[in-house]
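*Asks:* Using the numbering used here, the letters of the sequence shown correspond one by one to residues 8 to 630. Built from N, CA and C at the ideal position, the CB exists for glycine as well. All values derive from a computational prediction rather than experimental measurement. First the structure, then my questions, so here it is.
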Amino acid sequence: MNTGSSVREFEYKAEMKQLLDLIVHSLYTHPEIFLRELISNASDALNKVRFNALTAEDLLDRDAELAVRISIDKESGAFAIEDSGIGMSEEDLVANLGTVAKSGTLGFMQALKEQQKELDGNLIGQFGVGFYSVFMVTDEVTVETRSSQPDSKGYRWRSGGQGSYTIEETERTERGTKITFTLKEEFREFAEEYRVEQIIRKYSNFVDFPIYLDGKQVNTVTALWQRPKNELKEADAAEFYKFIAGDYQDPLDYLQVSVEGAVAFKALLFLPKEAPMDLLYRQSELENRGPQLYVRKVMIQHECRDLLPEYLRFIAGVVDTEDLPLNVSREVVQTSPVLAKIRQILTGKILGWFEELAKEQPEKFRTFYKAFGPIVKIGLNTDFTNREKLIELLRFESTKTAQDEFVTLKEYAARMPEDQKEIYYHSGASREQLLAHPNLEYFQDMGIEVLLLSDPVDVFVIPSIHEYDKKPLKSIEKADIDFSKRKAGQAEPLVGNLLEPVLKLFRDTLGDRIEDVVESHRLVSSPVTLVSGKNAFDSQMEKMMKMMQQDVPAGKRILEVNTSHPIVRNLSGMLIANESNPLLRTVVNQLFEGALMLEGSLDSTTAFLGRMNELIEAATLSR
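Below, the structure is given as structure tokens:
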């Protein structure tokens, strides 16, 4: 509604009101981050105007210093922050300050509220609501701005963070944005010069523009990646990482790169300690990440996805080259042979970095691999140039390692007995489940090492390796494994005229639920197990494909029967005594569904439990 001839009032949308209420009335762990967010927004505005100045001849205030200026008044609690950046039009004000910045922001923060957790200030910028954090420390905010377009007008935006905001036209002559407010009494510490300096140095020391506090420059404007390696301090690198990545932790490690030759560029890259939650399954997160791209110290793209292959885009940092034009467009970047060459070199350098960590700092490599191993593995099926390097980086638990201890394919192959021709692996949901599976019994009994694959990605990438050091990789679930070597002293299996009737009983009872029933040579202490045919998916792969809603026909399995097991031998005796005994088929069905349940494929347990009660009743009556 109108409140005067030039002041117009706008209602916040319902979801915006909820978001502001959440920010204003929730307890944050670090209220100081309001300043970090305001400086970050100012820096973005300055970067945009610096970029536009490369091509726009008629930019307003073309010669204005690109800087952030902060002024404070200890007595009154007044706070002002101003930049000479790109500024905003009236439409920009409505779009940027009047609506939720990113879809999903409200839902995410509402979920945190429902869990009654403190809202960590580090999440504010990450979820695109940085400006609104100012309402933690004040009751009303005024924004005065003018766009860099020469025919632009000045505007004043004002809001108390409640249900509405106003916009009015002003006579502002300078390009850029000024934000002013008065601090609440309990936050007057942020009007103290020493405190503001402390926050700037903590969060914003490496902003690429000078930050003035009451006329005095506070930050260090430096292209850190341009320093010689021996002059780059680890503490400076860590603070720079926190600034560009928005992370509150130090990086796990960093890599400085300087290349001269066919292309020339410098880079400072960082390995985070932790992967964002569900990064592997949020493909959009990977698609929109990547190091910052600079050309002659001018930022061209904030997150350049074309600098690294998708499986390495969790790497943060800066890449600066002189071999691209300053006014390069996003479309040119995507097709640039210069960038393709930089990408190729960077990828090789990063994989070499990982190899060095594995050799020189194994604990650091272990931390990296636990966080990002599943993402890196994706590269096996996408980056065929570096496939061999990626294979050497793979790590697995095995039947001969403790939990959270790993073995490489090279180490596995080196300790294989001479008569072992294949590298064996077993896929499942967890180490505990894998070790309890009947299919592992023969290998455990014979002391043959088996790789234990519990990472969901493994079922897609490991079979694609096919062989390592001329040794085929084979799932122990496959039916075509040679089990001819057996330990002496094991119970004798059924033979001849005793064997075939038992197998026929299983086949007749189970019918088309299985592909076949065969005598097992892999089982030691279990009566039956399910395996996959030679050309079929193993059970874990089939399960993952279904979870991904792939149209995969359910493959029939082969049931292997341990004919030396007491249960099966007893079945043989019961069959000879009375082939019409209904318990025979009850036992067969129970054994089959027990095998299904063990691998998580039993759809309903109702019949299984009913059958179990029937067998218990029969057992107790026979006593």
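1. As an exercise, report each continuous beta strand (DSSP E) stretch of at least 3 residues that is fully enclosed by the segment 43-101, in chain order.
2. Work out the CA separation of Gly617 and Asn596 for me, nearest whole Å.
3. Which runs of the beta strand (DSSP E) at least 3 residues long sit entirely within the segment 458-538? Give them in chain order.
4. Around the Cβ of His572, are there at least 16 other Cβ atoms within 10 angstroms (buried) or fewer (exposed)?
5. Three or more beta-carbon pairs under 8 Å between the segment 235-254 and the segment 88-102, yes or no?
6. Could you tell me which residues DSSP pairs with Asp327 in its beta bridges?
7. In chain order, what are the residue ranges of uninterrupted alpha helix (DSSP H) at least 4 long that sit wholly in the segment 372-435?
8. Buried or exposed: Lys81, going by 16 or more other Cβ atoms within 10 Å of its Cβ?
9. What residue range is occupied by the uninterrupted beta strand (DSSP E) comprising Ile218?
10. Taking only three categories from DSSP, how would you classify Glu18?
11. Just mark Tyr432 as buried or exposed, buried being the case when its beta carbon has 16 or more other beta carbons within 10 Å.
12. Residues in its own chain within less than 8 Å of Phe7 by CB, not counting five upstream and five downstream?
13. Which first and last residues belong to the beta strand (DSSP E) in which Lys185 is found?
14. Please report the residue range of the beta strand (DSSP E) in which Glu606 lies.
15. Any contact of the segment 252-262 with the segment 301-308, i.e. 3+ C-beta pairs under 8 Å?
16. Have a look at Glu199, Arg234, Leu346, Ser527 and flag the residue whose alpha-carbon is nearest the alpha-carbon of Leu220.
17. Can you tell me whether Lys563 is helix, strand or coil according to DSSP?
18. Between Ser155, Leu29, Tyr139, which lies nearest to Ala63 when the distance is taken from Cα to Cα?
19. Which residues in the same chain as Ala52 place their Cβ atom closer than 6 Å to its Cβ, once the five residues preceding and following it in sequence are excluded?
20. Between which residues of its own chain and Phe58 is the CB-CB distance below 8 Å, once the five residues before and five after are set aside?
21. Assuming Gly380 and Leu397 make a contact with CB atoms under 8 Å, what is their CB distance in whole Å?
22. Looking only at its own chain, which residues have a Cβ that is under 7 Å from the Cβ of Val531, when we skip the five neighbours before and after it?
23. Grab me the residues of Ile469's own chain with a C-beta within less than 7 Å of its C-beta, minus the 5 sequence neighbours each way, in chain order.
24. Can you tell me whether Ser13 is buried or exposed? The criterion is at least 16 other CB atoms within 10 Å of its CB, across all chains shown.
25. If you draw a straight line from the alpha carbon of Lys417 to that of Arg202, how long is it in whole angstroms?
26. For the segment 507-521 and the segment 415-430, state whether three or more C-beta atom pairs, one from each stretch, are separated by less than 8 Å.
27. Cβ of Leu353 within 8 Å of Cβ of Leu315?
28. Starting from the Cα of Gln351, find the closest Cα among Val270, Asn504, Glu181, Gly137 and give me that residue.
29. Am I right that Phe216 and Val414 are in contact with their C-beta atoms under 8 Å? What's the rounded C-beta distance?
30. Three or more C-beta pairs closer than 8 Å, one from the segment 176-192 and one from the segment 155-167: is that the case here?
31. State the start and end residues of the unbroken alpha helix (DSSP H) segment that holds Ser579.
32. Measure the alpha-carbon distance for Phe197 versus Pro38 and round it to whole angstroms.
33. Quick check on the burial criterion: 16 or more other C-beta atoms within 10 angstroms. Buried or exposed for Gln299?
34. In whole angstroms, give me the CA-to-CA distance for Leu603 and Leu537.
35. Using only CA atoms, which one of Ala486, Glu281, Arg303, Phe188 lies nearest to Lys377?
36. Just the C-alpha distance for Pro534 and Asp426, rounded to the nearest angstrom, thanks.
*Replies:* Considering the structure as presented:
1. Complete beta strand (DSSP E) runs here, min 3: 75-79, 85-90.
2. Counted from its first residue, the sequence shown places residue 596 at position 589. Counted from its first residue, the sequence shown places residue 617 at position 610. Cα to Cα, Asn596 sits roughly 12 Å from Gly617.
3. The segment 458-538 contains these whole beta strand (DSSP E) runs: 478-482, 521-526, 535-538.
4. Indexing the sequence shown from 1 puts residue 572 at position 565. Under this definition His572 is a buried residue.
5. Taking 8 Å as the limit for Cβ pairs, the verdict is that the segment 88-102 does not touch the segment 235-254.
6. Here residue 327 corresponds to residue number 320 of the sequence shown, with the count starting at 1. Answer by DSSP bridge pairing, in chain order: Lys273, Tyr301.
7. As far as the segment 372-435 is concerned, its whole alpha helix (DSSP H) runs of at least 4 residues are 394-400, 416-421.
8. Sequence index remark: in the sequence shown, residue 81 carries index 74 (1-based). With a threshold of 16 other beta carbon atoms within 10 Å, Lys81 falls short and is exposed.
9. The count along the sequence shown starts at 1 and reaches residue 218 at position 211. First-last of the beta strand (DSSP E) with Ile218: 218-220.
10. Position 11 of the sequence shown, counting from 1, holds the residue named residue 18. For Glu18, the secondary structure class from DSSP, reduced to helix, strand or coil, is strand.
11. If you number the sequence shown from 1, residue 432 lands on position 425. For Tyr432, the number of other beta carbons within 10 angstroms of its own is at least 16, and it is reported as buried.
12. Residue 7 cannot be examined here, being either before or after the span of the chain that is shown, 8 to 630.
13. Counting from one through the sequence shown, the residue named residue 185 turns up at place 178. In the DSSP assignment, Lys185 falls within the unbroken beta strand (DSSP E) covering 183-190.
14. Stepping through the sequence shown from its first residue, residue 606 is reached at position 599. Where Glu606 is concerned, there is no enclosing beta strand (DSSP E), given that its DSSP letter is neither H nor E.
15. Touching, no.
16. As a first step, residue 220 must be located in the sequence shown, where it is residue number 213. Just measuring C-alpha positions, the residue of Glu199, Arg234, Leu346, Ser527 sitting nearest Leu220 is Glu199.
17. As a first step, residue 563 is located in the sequence shown; it is residue number 556 there, counting from the start. In the three-state reduction of the DSSP assignment, Lys563 falls in the coil class.
18. Within the sequence shown, the letter at position 56 stands for residue 63. Comparing Cα-Cα distances from Ala63 to each of Ser155, Leu29, Tyr139, the minimum goes to Ser155.
19. To locate residue 52, count along the sequence shown from 1; it is residue 45. Same-chain partners within the cutoff: Asp90, Gly92, Ile93.
20. The residue given as residue 58 occupies position 51 in the sequence shown. The residues Val305, Met306, Ile307, in chain order, have a CB closer than 8 Å to that of Phe58 in the same chain once the five nearest residues on each side in sequence are set aside.
21. Along the sequence shown, one-based indexing puts residue 380 at 373. Along the sequence shown, one-based indexing puts residue 397 at 390. The Cβ separation is near 11 Å, so there is no contact.
22. Start at 1 with the first residue of the sequence shown, and residue 531 comes out as number 524. Counting only Cβ-Cβ distances below 7 Å, and skipping sequence neighbours, we find Glu448, Tyr449, Asp452.
23. Locating residue 469 in the sequence shown gives position 462, where the first residue counts as 1. Annotation for Ile469: Tyr432, Leu460, Leu480 place their beta carbon closer than 7 Å to its own, counting only its chain and skipping 5 residues before and after.
24. For the purposes of this step, residue 13 is identified with residue 6 of the sequence shown, where counting begins at 1. Flag for Ser13 reads exposed.
25. Here residue 417 is taken as the residue at index 410 of the sequence shown, counted from 1. Here residue 202 is taken as the residue at index 195 of the sequence shown, counted from 1. Distance between the alpha carbons of Lys417 and Arg202: 55 Å.
26. The segment 507-521, when compared against the segment 415-430, does not touch it at the 8 Å Cβ threshold.
27. For the purposes of this step, residue 353 is taken as the residue at position 346 of the sequence shown. For the purposes of this step, residue 315 is taken as the residue at position 308 of the sequence shown. Yes; because the gap between Cβ atoms is below 8 Å, this pair is in contact.
28. For the purposes of this step, residue 351 is taken as the residue at position 344 of the sequence shown. In terms of CA proximity to Gln351, Val270 leads the group Val270, Asn504, Glu181, Gly137.
29. Within the sequence shown, numbered from 1, the residue matching residue 216 stands at position 209. Within the sequence shown, numbered from 1, the residue matching residue 414 stands at position 407. Actually they do not touch by this definition, with Cβ atoms about 50 Å apart.
30. Because the criterion of three Cβ pairs below 8 Å is met, the segment 176-192 and the segment 155-167 touch.
31. If you number the sequence shown from 1, residue 579 lands on position 572. 573-584 is the extent of the alpha helix (DSSP H) around Ser579.
32. Position 190 of the sequence shown, counted from the start, is the residue given in the question as residue 197. Position 31 of the sequence shown, counted from the start, is the residue given in the question as residue 38. Near 10 Å, if we compare the C-alpha coordinates of Pro38 and Phe197.
33. As a working mapping, residue 299 is identified with position 292 in the sequence shown. Gln299 counts as buried, since at least 16 other C-beta atoms from the protein chains shown sit within 10 angstroms of its C-beta.
34. In the sequence shown, residue 603 corresponds to position 596, counting from 1. In the sequence shown, residue 537 corresponds to position 530, counting from 1. Taking C-alpha positions only, Leu603 is separated from Leu537 by approximately 8 Å.
35. Here residue 377 refers to the residue found at position 370 of the sequence shown. Ranking Ala486, Glu281, Arg303, Phe188 by Cα distance to Lys377 puts Glu281 first.
36. The sequence position of residue 534 within the sequence shown is 527, counting from 1. The sequence position of residue 426 within the sequence shown is 419, counting from 1. Spanning the two alpha carbons is a distance of roughly 28 Å.
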